[in-house]
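Numbering (our numbering), first residue to last: 460 to 496.
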């Protein structure tokens with residue numbers, strides 16, 4: 460798992476384009492991130 464936190468829509472789109480189907484957009488999920496650490 461790799462966590463990314465883009466600050467603009469352009470950055471988010473670029474990240475999604477670079478990773479193809481391997482990436483997912485997660486809104487919220489703060490509890491999930493704590494459990495994964």
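Cβ coordinates follow ideal geometry from the N, Cα and C atoms, glycine included. Since this is a predicted model, take the numbers as computed values, not measurements.
Alpha carbon of residue 496 to alpha carbon of residue 488, nearest angstrom: Rounded to whole angstroms, residue 496 to residue 488 spans 13 Å at the Cα level.
Candidates 460, 484, 480: closest to residue 470 by CA position: Minimum Cα-Cα distance from residue 470 among the listed residues 460, 484, 480 corresponds to 484.
Residue 479 in three-state terms, based on DSSP: helix
Between the CA atoms of residue 466 and residue 473 - distance to the nearest angstrom: 12 Å
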